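Down below is the structure, laid out as structure tokens.
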Amino acid sequence: MKIRVVSSKDEINSLGPNEQMIHFAFRPSNTDIFTLITKCPDVKALHIPQSYIKTVSKSIRMFLEMKGIALLEGDVWGHRKDINEYSEISQGVYDRIDEYRIDGLSDEEIEGKMSRDLHMGTDLIRFLLKNKK
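Counting the sequence shown from 1 gives a position; this note's numbering is that position plus 112.
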């Protein structure tokens, strides 16, 4: 899965309608989120850093919930926007989920192991687990 990294308000207008997961590298306003949702009707999740997610209003949270769009807390570590506008979740992550499921681990156990081993945010892992089934 590709995560489109958006660094500024100006980039929202350049997004295509098929984007499914967006990482905000800036503090988005309600208007920014509404604009993004109208520009990208297929979006499934918004990924926002911990320091910014606390400022997302209750009305936006309810709006996203009604639209079925996940609001995920986390960062995209080691990503260089000047090299690629997308951060990609590798196939190895999905393979590891499959291995853990074959081993009989629960989603909670998988979440804990992957969070420790891969240093991924728990919200993102939960989203991947939910959408992998």
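Backbone N, C-alpha and C fix where the C-beta goes; we use that ideal spot for every residue, glycine too. Please read all numbers here as calculations on a predicted model, not as lab measurements.
Neighbour-count burial assignment, residue i, 16 or more Cβ in a 10 Å radius
i	result
H159	buried
I209	buried
M226	buried
P129	exposed
D235	buried
M113	buried
I214	exposed
E131	buried
8 Å Cβ cutoff met for residue i and residue j
i	j	result
S199	V117	yes
L184	D219	no
D144	K121	yes
Y206	I222	no
M174	K156	no
K166	L127	no
T147	I181	no
D137	S119	Note that residue 137 corresponds to Ala in the displayed sequence, not to Asp. Contact: yes.
I172	N142	yes
K179	I149	yes
Contact belief for residue i with residue j at Cβ below 8 Å, rounded distance in angstroms
i	j	result
V188	H231	Contact doesn't hold; Cβ gap of about 12 Å is too wide.
G186	G224	Not confirmed; about 16 Å, so no contact.
Closer than 8 Å to chain C by CB, residue i
i	result
A182	Although the question refers to chain C, the structure presented lacks it and comprises just one protein chain.
(request) Tell me the start and end of each unbroken beta strand (DSSP E) in the region 178-237 that is at least 3 residues and wholly inside, in chain order. (result) 182-185 and 198-200
(request) With a floor of 4 residues, list each alpha helix (DSSP H) that falls wholly inside the region 139-185, ordered by position along the chain. (result) 142-151, 162-165 and 170-179
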